[in-house]
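*Asks:* My structure is below; once you've seen it, I'll send some questions.
Protein chains: 2
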Amino acid sequence: MMQTEKLLQNVRLSQTNMRKEILDILDDSSLALSMNEIKLRLKSNYNRVTLYRNLKVLTEKGILHQIHIDRQDSKYVLPLKTDKAGEHDQEHLHFKCLMCNEVKCLTDQHPEQVVLPEGYEKIEVNFVVYGICRTCKNKN
Amino acid sequence: MMQTEKLLQNVRLSQTNMRKEILDILDDSSLALSMNEIKLRLKSNYNRVTLYRNLKVLTEKGILHQIHIDRQDSKYVLPLKTDKAGEHDQEHLHFKCLMCNEVKCLTDQHPEQVVLPEGYEKIEVNFVVYGICRTCKNKN
DNA sequence: CTATTTTTGCAACACTGTTGCAAATATTTT
DNA sequence: AAAATATTTGCAACAGTGTTGCAAAAATAG
Ligand SMILES: [Mn+2]
Ligand SMILES: [Mn+2]
Ligand SMILES: [Zn+2]
Ligand SMILES: [Zn+2]
Numbered sequence: 001m002m003q004t005e006k007l008l009q010n011v012r013l014s015q016t017n018m019r020k021e022i023l024d025i026l027d028d029s030s031l032a033l034s035m036n037e038i039k040l041r042l043k044s045n046y047n048r049v050t051l052y053r054n055l056k057v058l059t060e061k062g063i064l065h066q067i068h069i070d071r072q073d074s075k076y077v078l079p080l081k082t083d084k085a086g087e088h089d090q091e092h093l094h095f096k097c098l099m100c101n102e103v104k105c106l107t108d109q110h111p112e113q114v115v116l117p118e119g120y121e122k123i124e125v126n127f128v129v130y131g132i133c134r135t136c137k138n139k140n
Numbered sequence: 001m002m003q004t005e006k007l008l009q010n011v012r013l014s015q016t017n018m019r020k021e022i023l024d025i026l027d028d029s030s031l032a033l034s035m036n037e038i039k040l041r042l043k044s045n046y047n048r049v050t051l052y053r054n055l056k057v058l059t060e061k062g063i064l065h066q067i068h069i070d071r072q073d074s075k076y077v078l079p080l081k082t083d084k085a086g087e088h089d090q091e092h093l094h095f096k097c098l099m100c101n102e103v104k105c106l107t108d109q110h111p112e113q114v115v116l117p118e119g120y121e122k123i124e125v126n127f128v129v130y131g132i133c134r135t136c137k138n139k140n
């Protein structure tokens, strides 16, 4: 069980049911989840705008990390997952399987440091590899 | 002037006005352009669905390359630009300036080869770096 | 417990994605 | 070049996400 209360407290956000559920859902999931996948796992029928606003604020506060898969897909992960603390500390790639659509963080490899042109400043990165996962490959 | 006719011919797509304009617009642009930025540069008022379908089919045929910036932004480039032929051949990073929102292909650097877990197959990559460009940096 | 602050749900609108279908246009065949 | 065929376009329509304003509800501070 994760200390959701602590996470919210640290960034001075109220402890609401939806927020605690979102964090629990992501803590339990081994995959990055979309807004809709999170919505389907919520216990009650919350409003979609509220979910949108909560994912947004949790991302802005740095509690959640948003992966931009493509125009119609974006996924969220909880870097401080109970069983994975620390793995997310460095830049890493993400993998989206084009058959099953699952998204995984490839935290065991770290891309070399990005070198930008003179005068450019890096703030954040979004690295996604698209392909076929092992499970899907073994199915056909 | 680019051989738009050749490009379309090669993939057996009809030579329509919109398609030729799209290719000309991207050939002229030093930046990756969004659907809307392309729409604004079109000579006549084409239908947005048609533009969407053309960008889609041109991307599927491999003539255009689509960069997934984030959930509300995706950009298109013409890798075979008249003055840049070949630069796009290898995997490369893209840079989005969070102040001016411009997106550039960083074709002079190539990230090291991606290594995936055993059994995974890579099909495509999408690497985006967010930050501040030199121009914007010099403004403040 | 009360006052204050924050969050929620709802309505409303914007934009992109997506499909079906008939009309228009491009290509192929005679 | 005209007719036949294949492809593309524009329009209507709907879906999903993003986004804001605002009043009601819930959480937090005093
Ligand atoms: Mn990640
Ligand atoms: Mn590029
Ligand atoms: Zn898969
Ligand atoms: Zn800039």
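Listed in order, the protein sequences are those of chains Y and L. Mind the numbering: the first sequence is residues 1 to 140 in the working numbering, read in order. Mind the numbering: the second sequence is residues 1 to 140 in the working numbering, read in order. Built from N, CA and C at the ideal position, the CB exists for glycine as well. As the structure is a prediction and not an experimental result, all values here were calculated from the model.
(1) Taking all protein chains shown into account, decide if Y52/L is buried (16 or more other Cβ within 10 angstroms of its Cβ) or exposed.
(2) For T16/Y, I'd like the list of residues in its chain whose CB is within less than 6 Å of its CB, leaving aside the five on either flank, ordered along the chain.
(3) Where does M1/L fall in DSSP's three states?
(4) Beta-carbon of Y120/L versus every beta-carbon of chain Y: anything under 9 Å?
(5) Taking all protein chains shown into account, decide if Q3/Y is buried (16 or more other Cβ within 10 angstroms of its Cβ) or exposed.
(6) If the cut is a Cβ gap below 7 Å, which residues of chain L does H103/Y touch?
(7) Opposite N126/Y in the DSSP bridges: which residues?
(8) Output yes or no for whether 9 Å exceeds the beta carbon distance between V77/L and I69/L.
(9) Shortest alpha-carbon distance to E118/L belongs to which of Q72/Y, Q113/Y and C133/Y?
(10) Mind pulling the beta strand (DSSP E) runs of 3 or more residues that sit fully within the segment 19–77 of chain Y?
(11) With a threshold of 9 Å between beta-carbons, can N54/L be considered close to chain Y, or not?
(12) Consider the Cβ of S30/L: report whether some Cβ of chain Y lies at a distance smaller than 9 Å.
(13) Is the beta carbon of K75/Y less than 9 Å from the beta carbon of S34/Y?
(14) Measure from the alpha carbon of E37/Y to the alpha carbon of each residue in C97/Y, Q113/Y and N101/Y, then state which is nearest.
(15) Residues in the segment 26–50 of chain L with C-beta within 7 Å of chain Y's C-beta atoms, listed in sequence order?
(16) Using 9 Å as the threshold, is the C-beta distance between V57/Y and L13/Y below it?
(17) Is K81/Y helix, strand or coil by DSSP?
(18) Looking at M18/L and ligand 3, is the gap between the Cβ and the nearest heavy atom below 8 Å?
(19) Indicate whether at least one CB of chain Y lies closer than 9 Å to the CB of E21/L.
(20) Could you check which residue in K139/L, R41/L and P111/L has the C-alpha nearest to that of V128/L?
(21) Should E102/L be counted as a contact of ligand 4 given a C-beta to heavy atom distance under 8 Å?
(22) Do you know offhand how far C105/L's Cα is from L42/L's?
(23) Does any C-beta atom of chain L lie closer than 9 Å to the C-beta of H92/Y?
(24) Tell me which residue opens and which closes the alpha helix (DSSP H) that C136/L is part of.
(25) Cutting at 6 Å between CB atoms, please list the residues of its own chain near P79/Y, excluding the five before and the five after it.
(26) Does any heavy atom of ligand 3 sit closer than 8 Å to the C-beta of I123/L?
*Replies:* Walking through what the data contain:
(1) Taking the first residue of the second sequence as position 1, residue 52/L is located at position 52. It counts as exposed.
(2) Residue 16/Y sits at position 16 when you count from the first residue of the first sequence. Taken in chain order, the list of residues that qualify is empty.
(3) By 1-based counting over the second sequence, the position of residue 1/L is 1. Only weak support exists for where M1/L lies, its pLDDT of 45 falling under 50; the coordinates are left without a value.
(4) Working through the second sequence from its first residue, we reach residue 120/L at position 120. By this cut-off, Y120/L is an interface position.
(5) Start at 1 with the first residue of the first sequence, and residue 3/Y comes out as number 3. By the 10 Å Cβ count, Q3/Y comes out exposed.
(6) Position 103 of the first sequence holds residue 103/Y. Position check: residue 103/Y holds Val in this sequence, whereas His was assumed. Here the premise fails: no neighbours, minimum Cβ distance about 12 Å.
(7) What you label residue 126/Y is simply residue 126 of the first sequence in a count that begins at 1. Answer is V128/L, bridged to N126/Y.
(8) What you label residue 77/L is simply residue 77 of the second sequence in a count that begins at 1. What you label residue 69/L is simply residue 69 of the second sequence in a count that begins at 1. With contacts defined as CB atoms closer than 9 Å, V77/L and I69/L fail to qualify as a contacting pair.
(9) For the purposes of this step, residue 118/L is identified with residue 118 of the second sequence, where counting begins at 1. Residue C133/Y is the option with its Cα nearest to E118/L.
(10) The qualifying runs are 65–70 and 73–77.
(11) By 1-based counting over the second sequence, the position of residue 54/L is 54. Not closer than 9 Å to any Cβ of chain Y, the Cβ of N54/L fails to qualify, so no.
(12) For the purposes of this step, residue 30/L is taken as residue 30 along the second sequence, with counting starting at 1. By this cut-off, S30/L is not an interface position.
(13) Residue numbering aside, residue 75/Y sits at position 75 when the first sequence is read from its first letter. Residue numbering aside, residue 34/Y sits at position 34 when the first sequence is read from its first letter. Cβ atoms of K75/Y and S34/Y: closer than 9 Å.
(14) Position 37 of the first sequence, counting from 1, holds the residue named residue 37/Y. Ranked by Cα distance from E37/Y, the options C97/Y, Q113/Y and N101/Y are led by N101/Y.
(15) Going along the segment 26–50 of chain L in chain order, one finds no residue with a Cβ nearer than 7 Å to chain Y.
(16) On the first sequence, residue 57/Y is found 57 positions in, with the first residue counted as 1. On the first sequence, residue 13/Y is found 13 positions in, with the first residue counted as 1. Their beta carbons are under 9 Å apart, which means V57/Y touches L13/Y by this criterion.
(17) The sequence position of residue 81/Y within the first sequence is 81, counting from 1. Correct three-state label for K81/Y: coil.
(18) Taking the second sequence and counting its residues from 1, the one referred to as residue 18/L is at position 18. False, no ligand heavy atom lies under 8 Å from that Cβ.
(19) Stepping through the second sequence from its first residue, residue 21/L is reached at position 21. No Cβ of chain Y is located within less than 9 Å of the beta carbon of E21/L.
(20) Counting from one through the second sequence, the residue named residue 128/L turns up at place 128. Of the candidates K139/L, R41/L and P111/L, the residue whose Cα lies closest to the Cα of V128/L is P111/L.
(21) Here the question's residue 102/L lines up with position 102 in the second sequence. Closer than 8 Å to some heavy atom of ligand 4: that describes the Cβ of E102/L.
(22) As a position in the second sequence, residue 105/L is number 105, starting the count at 1. As a position in the second sequence, residue 42/L is number 42, starting the count at 1. Taking the straight line from one Cα to the other gives about 23 Å.
(23) As a first step, residue 92/Y must be located in the first sequence, where it is residue number 92. By this cut-off, H92/Y is not an interface position.
(24) For the purposes of this step, residue 136/L is identified with residue 136 of the second sequence, where counting begins at 1. From DSSP, the alpha helix (DSSP H) with C136/L extends over R134 to K139.
(25) For the purposes of this step, residue 79/Y is taken as the residue at position 79 of the first sequence. Taking P79/Y as the centre and dropping the five residues before and after it, the same chain places the C-beta of H65 and H88 closer than 6 Å to its C-beta, in chain order.
(26) Here residue 123/L is taken as the residue at index 123 of the second sequence, counted from 1. Distances taken from the Cβ of I123/L to the heavy atoms of ligand 3 include none shorter than 8 Å.
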